[in-house]
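In what follows, a single structure is set out as C-alpha cells and then discussed.
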Amino acid sequence: MAATDMDMAGLQRRLAEFAAARDWERYHTPKNLAAALSVEASELLEIFQWLTPEQSARVMADPETAHRVRDEVADVLAYLLQFCAVLDVDPLTALAAKLERNEVRFPVKGPEERPDPA
4 MAATDMDMAG LQRRLAEFAA ARDWERYHTP KNLAAALSVE ASELLEIFQW LTPEQSARVM
64 ADPETAHRVR DEVADVLAYL LQFCAVLDVD PLTALAAKLE RNEVRFPVKG PEERPDPA
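For the sequence shown, the numbering used here assigns the number 4 to the initial residue and increments by one for each residue that follows.
Shown next as C-alpha cells:
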C-alpha cells in the first residue's frame with residue numbers, strides 16, 4: 004500500500020506496528036518523542052541554515068537536497084504522529100482548533116489598515 008493511500012490513522016497504526024515489531028514502544032514516551040521531534044526539525048532547518056532566501060526557494064531543484072528535505076519532513080511527521088498517538092491528540096482536530104483561535108486573534112485587516120508596501 005502506498006503511503007499516499009493511507010489516512011492519518013493508518014499512518015499512525017503503521018508507525019505503531021513498526022515500533023512494536025522492534026520493541027521500541029518503551030522508548031516512545033511523550034518526553035522522548037518531543038525531543039526526537041525537535042531533533043528532526045533541527046535537521047530540516049540545518050539544510051537551510053546558510054542559504055539565502057533565494058537559494059532556499061530553489062532547494063527542491065537539486066535532487067540530492069530535495070531527497071534530504073523529503074526525508075527530514077517524513078521524520079518530523081513520523082515523530083509528530085507518534086507523539087500524538089501516545090497522548091491521544093488528534094492532530095487535525097488540534098490544528099483546526101488552533102486555526103479558529105488564530106482567526107479570532109488575528110482578524111483580516113481592511114485595505115486602509117494594511118501597511119503601505121512602498
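The beta carbon of each residue, even a glycine, is placed where N, CA and C say it ideally should be.
Assigned secondary structure, aspartate 78 (DSSP; H/G/I helix, E/B strand, else coil):
For this step, residue 78 is matched to residue 75 along the sequence shown. Aspartate 78: helix per DSSP, three-state reduction.
Less than 7 Å between the C-beta atoms of leucine 54 and glutamate 75, yes or no?
To locate residue 54, count along the sequence shown from 1; it is residue 51. To locate residue 75, count along the sequence shown from 1; it is residue 72. Cβ distance not < 7 Å, so leucine 54 and glutamate 75 don't count as in contact.
Kindly say whether leucine 102, judged by its beta-carbon, lies nearer than 7 Å to any beta-carbon of chain B.
Judged by its chain identifiers, the structure shown contains no chain B, having just a single protein chain.
Three or more beta-carbon pairs under 8 Å between the region 59 to 70 and the region 98 to 111, yes or no?
no
Bounding residues of the alpha helix (DSSP H) (the contiguous stretch that carries methionine 11):
The residue labelled residue 11 in the question sits at position 8 within the sequence shown. Looking at the DSSP string, the run of the alpha helix (DSSP H) that includes methionine 11 is 11 to 24.
Please classify glutamine 85 as buried or exposed, where buried requires at least 16 neighbouring CB atoms within 10 angstroms.
Position 82 of the sequence shown, counting from 1, holds the residue named residue 85. With 16 or more other Cβ atoms within 10 Å, it is buried.
Whole angstroms are fine: how far does the CA of arginine 29 sit from the CA of leucine 14?
As a working note, residue 14 is residue 11 in the sequence shown. As a working note, residue 29 is residue 26 in the sequence shown. Their Cα atoms are separated by approximately 20 Å.
Inspect the beta-carbon positions of tyrosine 82 and alanine 39 and report whether they are closer than 7 Å.
Taking the first residue of the sequence shown as 1, we reach residue 82 at position 79. Taking the first residue of the sequence shown as 1, we reach residue 39 at position 36. Cβ atoms of tyrosine 82 and alanine 39: closer than 7 Å.
Buried or exposed: where does leucine 95 fall if 16 or more other Cβ atoms within 10 Å of its Cβ makes it buried?
Taking the first residue of the sequence shown as 1, we reach residue 95 at position 92. The residue is exposed, with fewer than 16 neighbouring Cβ atoms inside 10 Å.
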